[in-house]
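In the numbering used here, the protein residues as written are -18 to 52.
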Amino acid sequence: MWLYILIGILALIVGILLGFFIARKYMMDYLKKNPPINEKMLRVMMMQMGQNPSQKKINQMMKAMQNQQNK
């Protein structure tokens, strides 16, 4: 009886650890393929919308996006 409980607990721990490392690997690969928005991408998006972005405006938008992510 105790053997079944011990095996169940060990299987649970191994499953949690394995799930954590698989999820971590998946997220790292996802962020490599789809990086977060940087200043160059923001500048291109604003130019496509017909705006002529200044560095000050780019910095304001980057700071606003970083504040939004931190919430």
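All C-beta atoms in this analysis are idealised placements derived from N, C-alpha and C, irrespective of residue type, glycine included.
Per DSSP, reduced to three states, the secondary structure at I18 is coil, with no helix or strand assignment. In the structure shown, the three-state DSSP call for N48 is helix. Collapsing the DSSP output to three states places M28 in a helix. Our two residues, L(-1) and Q50, have alpha carbons roughly 28 Å apart in a direct line. When the five nearest sequence neighbours on each side are left out, no beta carbon in the same chain lies closer than 8 Å to the beta carbon of L(-13).
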